[in-house]
Amino acid sequence: MEMTHETNGELLLQLSHCLTPTHRINNAAIVLRGGRILAVGGMSAFKQTQPSRIFSMTDCYALPGFVDTSIYGTGGCDCMHADRGADIAEMSRILAAHGVCTFFPTTMSYEREGLQRVVESLADCCDEQLPGAVAAGIHIEGPFINASKHGAHRERYIRPIDLGETAELLQAGKGKIRIFTFAPELDGTVELVEKLCAENVIPAMGHTIANRDQVVRAIEAGASRCSHLYNSMEPLKQRDVGLAALALTDARLWVELIPDGIHIHPGMIDLACRCIPHEKLVCISNSMAAAGVGDGTFKMGEDDTHIRDGRPELEDGTLAGSIRCLDDDYRNLSTYTNLDDTEVAACFTSNPAASTGLTDRGEIKPGRRADIVVLDAEHNVQMTIVEGRIVYNRRNVQPEEH
């Protein structure tokens with residue numbers, strides 16, 4: 055992995071095309087300065103531009119850097135071990151190699167004091183200058199979920215909604231908690247949602263058996279997100295409506311999907327993309343520590359997760375996160391659905407950014423953060439730029455100096 059950290063002067067990228075992602079620009083050029091995007095357009099418009107460095111990558115294309123809103127770990131790092139020396143910096147480096155510029159480290163259900171320590175450590179990471187992708191906030195998943203849909207969460211750590219514990223977590227998070235996933239059928243849901251909204255935290259529904267009335271009640275209280283659609287929730291049924299059906303039909307919800315080819319059948323992903331407004335779709339990796347590493351045995355929280363033929367499983371066979379990163383998922387989505395290239399790009403960039411209030415990134419347009427991923431024709435990441443810094447350069451492409 056070739057890493058550079060140039061920050062001075064203007065930088066010009068010359069590309070085959072660019073997905074902004076609201077539209078496609080062919081023969082594209084992007085000018086960066088001071089960590090921001092200065093200009094973008096057709097290459098012919100920049101013939102008189104004399105930036106200090108020009109990167110000619112006309113066999114590649116660019117889109118905004120990927121934003122991952124649900125990620126338990128990567129590259130051997132488990133976010134639940136953040137209070138025990140987990141190398142979040144290494145996770146940041148590896149994510150950059152997969153085109154991720156922004157991520158939200160995600161927790162699992164755990165005992166009360168231990169979870170607070172993890173959250174406090176992750177909050178500190180959000181303030182650090184990481185070498186690759188930046189941690190923009192924390193996603194709390196559990197412990198207020200339904201034990202019958204625990205997934206990879208340990209049942210013994212799942213508990214009823216407790217507003218006192220919620221306040222403790224918010225305090226430990228030092229303003230960095232951005233998403234909080236809970237089961238809306240639990241007693242105290244409305245009070246929890248109102249508290250989260252008051253603290254500028256996004257209430258997300260998941261790991262649930264909630265019926266229609268319970269989901270609607272949570273939405274009307276302020277819940278605005280569905281965590282990993284189809285997974286750890288009641289399936290679609292002809293006589294019952296739950297979160298899965300409402301996620302497909304209620305445009306008030308941002309909806310997360312895991313397009314890794316394992317969690318969800320491609321046909322069900324296609325169904326979601328045909329039902330949900332494309333601007334409300336958020337693709338997530340849901341990756342765990344083994345992502346970017348390969349087969350073997352890794353920790354997910356306290357449990358051993360065995361990777362066999364690309365499938366992460368607990369001892370009992372339960373699917374435990376994903377070992378795919380967002381660049382893999384990006385390639386998948388374009389083959390699973392009828393979305394066009396700009397709509398696919400939005401699911402990994404502008405949509406997750408908008409869904410979490412990150413108005414400074416997610417689009418290639420003047421004034422936005424210079425968070426950019428450059429891919430080749432086979433959609434392999436060749437370069438990642440975070441706030442104007444080249445943090446991954448697969449080919450070790452060198453600029454023309456002016």
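Residue numbering for the sequence shown follows the working numbering, beginning at 55 and increasing consecutively. Yeah, the Cβ is synthetic: ideal placement off N, Cα and C, and Gly gets one too.
The beta carbon of residue 94 sits closer than 6 Å to those of 84 and 418, all from its chain and outside the five residues before and after it, given in chain order. In the three-state reduction of the DSSP assignment, residue 145 falls in the helix class, which pools H, G and I. In this structure, 318 is the residue among 432, 303, 273 and 318 with its C-alpha nearest to the C-alpha of residue 286.
In this structure, DSSP gives residue 198 a state outside helix and strand, which the three-state scheme calls coil.
With fewer than 16 other Cβ atoms from the protein chains shown falling within 10 Å of its own Cβ, residue 77 counts as exposed. Residue 186 places its beta carbon 9 Å or farther from that of residue 261. No residue range can be given for residue 183, since it is assigned to no alpha helix (DSSP H) and is classified by DSSP as neither H nor E. Contact between residue 341 and residue 191 does not hold, since the beta-carbon distance rounds to 17 Å and is not under 8 Å. DSSP, reduced to helix, strand and coil, places residue 90 within a strand of the structure shown. Restricting attention to 208, 235 and 203, the CA atom closest to the CA of residue 215 is found in 235. The criterion of a C-beta distance shorter than 9 Å is not satisfied by residue 171 and residue 132. Following the DSSP letters along the chain, one finds residue 325 in no beta strand (DSSP E) but inside the alpha helix (DSSP H) bounded by residues 320-329. For residue 135, the three-state secondary structure derived from DSSP is helix. Short of 8 Å from the beta carbon of residue 239, and not among the five residues preceding or following it, lie these beta carbons of its own chain, in chain order: 200, 262, 263, 264, 265 and 268. Residue range 380-390 is occupied by the alpha helix (DSSP H) that includes residue 389.
Note on residue 334: 16 or more other CB atoms within 10 angstroms of its CB, so buried under the neighbour-count rule. CA-CA distance, residue 241 to residue 87, rounds to 51 Å.
Residue 129 places its beta carbon 9 Å or farther from that of residue 427. When the Cα atoms are used, residue 329 and residue 453 turn out to be separated by approximately 44 Å.
In this chain, the alpha helix (DSSP H) harbouring residue 245 covers 243-252. Following the DSSP letters along the chain, one finds residue 273 inside the alpha helix (DSSP H) bounded by residues 266-275. Counting the other Cβ atoms within 10 Å of the Cβ of residue 217 gives fewer than 16, which makes it exposed. For residue 72, the CB contacts under 8 Å within the same chain, skipping 5 residues up- and downstream, are 78, 79, 82, 84, 94, 115, 116, 117 and 418 in chain order. Per DSSP, the beta bridge partners of residue 121 are 156. Judged by DSSP in its simplified three-state form, residue 162 adopts coil rather than helix or strand. The shortest CA-to-CA distance from residue 124 to any of 142, 339, 97 and 388 is the one to 339.
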